[in-house]
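Under the working numbering, the first residue of the sequence shown carries the number 35, and numbering increases by one thereafter.
Just so you know, even glycine gets a beta-carbon here, dropped at the ideal spot from N, CA and C.
This report concerns only the one structure given below.
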Amino acid sequence: MWLDESINAKYTKEADRRPMMQKDVFPVNAAFGKYLQHYGRDVELPLLYTDLINYSYADPLKDKKGKWTHWENAVYEPVQLEALEGKLINTFARLKKLPLPVATTQFDVERIDFCEYGNSVPFRIKMVEKDTGQYNFFYVKLADASRIYGLELEHLLTNNPINYLHYQNTLIEEHIEGIPGDVFLQQNPQLTSSDKTAMAKAFVQFNESCFVRLLGDMRSYNFVVNPIVVNGLTHYHIRAIDFDQQSYEGKKILYFPQFYKENADYVELVLQNLDAGEIEQNRQIEFAGMAARIITYRRQLMELVNSMVNDDISENYKIQILRNELNEHFKTTRFTSCKTMGAIVKHQLKQVLQKHVQLANLKQKSCRLCILAGMLQLFSL
């Protein structure tokens with residue numbers, strides 16, 4: 035979309051509009067639950083989301099600069115807190131795959147925070163390692179099938195492993211490390227020329243990744259930036275941290291991070307540091323990477339998408355809008371028959387990545403033939 039529609043666009047009023055109401059929470063149905071159980075995501079937990087909601091009161095929290103945040107510190111009665119701490123440490127151990135005795139002796143629950151802002155109305159649990167004082171966060175959220183599909187697509191299609199667990203109405207998520215996108219450029223106003231170019235490339239790739247899997251609402255505060263130094267050169271990696279808007283909205287433009295006003299500075303970096311050829315090159319790099327992962331996880335991805343096709347994770351009028359807009363965008367009728375958002379995601383992956391998957395398959399076969407030829411030559415000596 036950078037090249038064929040609006041290379042100079044920074045954002046639109048349409049993309050900037052927030053949803054008027056919170057998104058519905060979609061339950062995990064039996065078929066999706068079976069998938070999650072098969073791949074070790076659905077496990078019995080000692081804690082449910084509802085165990086945390088009966089706190090006595092909550093104190094608003096400020097950030098490091100003294101500004102009020104959307105988070106509040108939930109305060110519980112001592113007896114209630116003692117029972118919760120045991121459940122939280124047990125849950126943390128399962129999430130981190132730690133032996134329970136190790137987690138019990140090494141970690142304490144320092145704080146339980148609550149946020150009414152957002153669809154998953156999360157609790158944030160701050161865990162502290164007793165010996166070192168280092169802390170770790172995890173989140174307890176209302177389980178939402180749409181969000182969990184987003185987590186799985188992130189895990190399978192990007193180079194970003196996601197650690198989470200599901201049980202009944204509860205979703206447990208590991209904290210994703212990184213510098214929040216809305217903070218990164220504020221903290222780094224004097225990027226070098228090479229850093230600006232690297233950051234621009236990362237944003238182009240992230241932009242395409244979100245559109246291919248139809249992950250929406252990727253404003254700067256919903257993604258993080260991770261600098262990676264390789265041989266003295268700094269590369270940047272952007273990854274999503276919020277998956278509430280996985281294939282839910284109807285407007286195509288909401289799946290492009292480039293069109294949110296919160297991301298205008300990132301778009302400016304792209305326009306000032308990359309030419310059209312470099313933008314296209316980085317789009318293709320992202321497509322090739324996703325295609326390679328499709329081949330690696332093809333069986334699991336097929337199971338996931340088939341579950342998604344038969345699931346209800348959006349509203350009918352939004353499905354109709356999106357399939358029409360994607361037909362127009364790609365100049366095709368491929369999406370006309372789609373009755374669910376899952377079906378749209380399936381056709382979207384095929385529309386964008388099919389040629390790249392075929393090419394990656396050919397490369398793999400060619401590589402295997404080269405290895406086989408080399409082995410035959412070796413044994414013939």
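Consult DSSP for ARG273 and reduce its assignment to one of helix, strand or coil.
Here ARG273 sits in strand by DSSP.
Residues near ASN107 in its chain [Cβ-Cβ closer than 7 angstroms; skip 5 each side]:
Closer than 7 angstroms at the Cβ level, and outside the excluded window around ASN107, lie ALA92, ASP93, LEU95, ARG145, ASP147.
Can you tell me whether DSSP reads ILE87 as helix, strand or coil?
Three-state result, ILE87: coil.
Is it buried or exposed, PRO195, if we count other Cβ atoms within 10 angstroms and call 16 or more buried?
PRO195 should be labelled exposed.
My output table needs one value for GLN279: the three-state DSSP class, helix, strand or coil.
Coil, per DSSP.
Through-space distance from PRO135 to PRO291, alpha-carbon basis:
Per the coordinates, the alpha-carbon of PRO291 lies some 44 angstroms from the alpha-carbon of PRO135.
Given ILE271, which residues of its chain have a CB within under 7 angstroms of its CB, disregarding the five upstream and five downstream residues?
The amino acid occupying residue 271 in the given sequence is His; Ile does not appear at that position. If we look at HIS271 and ignore the five residues flanking it on each side, its Cβ neighbours are ALA236, ASN260, ILE262.
Since CYS149 sits in a beta bridge, which residues does DSSP pair it with?
Answer by DSSP bridge pairing, in chain order: TRP105.
Which value, in whole angstroms, describes the spacing of the CA atoms of ASN340 and GLN71?
Those two C-alpha atoms are separated by around 16 angstroms.
Beta carbon of GLN280, beta carbon of ARG181: below 8 angstroms?
Their beta carbons are under 8 angstroms apart, which means GLN280 touches ARG181 by this criterion.
How big is the Cα-Cα spacing for GLU242 and GLU163?
GLU242 and GLU163: Cα-Cα distance of roughly 38 angstroms.
Any chance the region 246-256 sits against the region 211-221, with 3 or more Cβ pairs inside 8 angstroms?
Contact holds: three or more Cβ-Cβ distances are below 8 angstroms.
Rounded to whole angstroms, what is the Cα-Cα separation between GLN220 and LYS389?
Spanning the two alpha carbons is a distance of roughly 39 angstroms.
Give the DSSP bridge partners of GLU207, in chain order.
Paired residue(s): TYR173, TYR198.
Among GLN306, SER371, MET233, LEU249, nearest to LEU267 - alpha-carbon criterion
For LEU267, the nearest C-alpha among the options comes from MET233.
Range of the contiguous beta strand (DSSP E) that encloses PRO261:
Going by DSSP, PRO261 is part of the beta strand (DSSP E) stretching over 257-264.
Would you report the Cα separation of LYS160 and ASP97, rounded to the nearest angstrom?
Their backbone Cα atoms lie some 15 angstroms apart in a straight line.
Am I right that ALA325 and ALA274 are in contact with their C-beta atoms under 8 angstroms? What's the rounded C-beta distance?
So it is not a contact: roughly 19 angstroms between Cβ atoms.
Three-way DSSP call (helix, strand, coil) for MET55 in this model:
Reliability fails at MET55, whose pLDDT of 48 lies under 50, so the model's placement of it is uncertain and the value that follows must be treated cautiously. Coil.
Backbone CA spacing between LEU415 and THR330 [nearest angstrom]:
Any reading at LEU415 is ruled out, since the residue's pLDDT is 41, under 50, leaving its predicted position unreliable.
For ALA179 versus ASN63, is the C-beta spacing smaller than 8 angstroms?
The answer is yes: Cβ separation under 8 angstroms.
Beta-carbon proximity of LEU416 to ARG128, cut-off 8 angstroms:
Since the displayed the chain opens at 35 and closes at 415, residue 416 lies outside it and no answer follows.
Could you name the residues of the same chain whose beta carbon sits closer than 8 angstroms to that of ILE378, not counting the 5 residues immediately before and after it, in chain order?
LEU248, SER281, ILE353, LEU356, ARG357, LEU360, PHE369, CYS372, listed in sequence order.
What residues in its chain sit with their C-beta under 8 angstroms from that of LYS121, if we drop five residues either side in the sequence?
Answer for LYS121: PRO80, LEU81, ASP85, listed in chain order.
Whole angstroms are fine: how far does the CA of ILE287 sit from the CA of ASP229?
Spanning the alpha carbons of ASP229 and ILE287 requires a straight line of approximately 28 angstroms.
Quick check on ARG253: does DSSP put it in helix, strand or coil?
It is coil, neither helix nor strand.
Restricting to Cα atoms, I'd like to know which of ALA177, VAL174, LYS175, PHE141 is closest to GLN168.
Distances from the CA of GLN168 to each of ALA177, VAL174, LYS175, PHE141 were compared; the closest alpha carbon is that of PHE141.
Using C-beta distances below 6 angstroms, list every residue in its chain close to ASP276, excluding the 5 sequence neighbours before and after it, in chain order.
These residues qualify, in order along the chain: ASN256.
Would you list the one or two residues that DSSP bridges to LYS160?
Note: LYS160 sits in a beta bridge opposite ARG145, PHE171.
Less than 8 angstroms separating the beta-carbons of TRP102 and ARG158?
With respect to ARG158, TRP102 sits apart: the two C-beta atoms are not nearer than 8 angstroms.
Hey, could you find the ends of the alpha helix (DSSP H) TYR69 is sitting in?
Taken as a continuous stretch (DSSP letters only), the alpha helix (DSSP H) holding TYR69 covers 64-72.
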